[in-house]
Amino acid sequence: MKKEFLTSTFPNIEISLRIFLTLMITNCAGERSFSRLKLIKSDHRSTMSQSRLNHLCLMSIESDLLKSIDFDELISNFAAKKSRKKVF
Numbered sequence: 001m002k003k004e005f006l007t008s009t010f011p012n013i014e015i016s017l018r019i020f021l022t023l024m025i026t027n028c029a030g031e032r033s034f035s036r037l038k039l040i041k042s043d044h045r046s047t048m049s050q051s052r053l054n055h056l057c058l059m060s061i062e063s064d065l066l067k068s069i070d071f072d073e074l075i076s077n078f079a080a081k082k083s084r085k086k087v088f
């Protein structure tokens, strides 16, 4: 009886709790990315261009994806493609 009463009184409480709990996780991931960005940029700011720093930060943030790439296969696929030079 009490459970049915709570469900009918607060029908969206479960949805709001799920949203609330996922917001914290999203926030932590963003803070981690920005702290890594700050670390990389403070160490190398004087010696590198802005675009190179941005690319290094992206590689550092997405390191899990980067570790899963097979670079030997990527190089082989790139070398096997035909040359697409434009003649002017």
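For the sequence shown, UniProt numbering puts the final residue at 88, and the numbers step up evenly by one.
Backbone N, C-alpha and C define an ideal beta-carbon position, used for all residues, glycine too.
Span separating the alpha-carbon of residue i from that of residue j
{"i": "A79", "j": "S16", "result": "52 Å"}
{"i": "D72", "j": "M59", "result": "18 Å"}
{"i": "E62", "j": "I13", "result": "34 Å"}
{"i": "D64", "j": "H55", "result": "15 Å"}
{"i": "L66", "j": "C57", "result": "12 Å"}
{"i": "L53", "j": "S35", "result": "14 Å"}
{"i": "K81", "j": "S68", "result": "23 Å"}
Buried versus exposed, by CB contacts within 10 Å (16 or more), residue i
{"i": "R18", "result": "exposed"}
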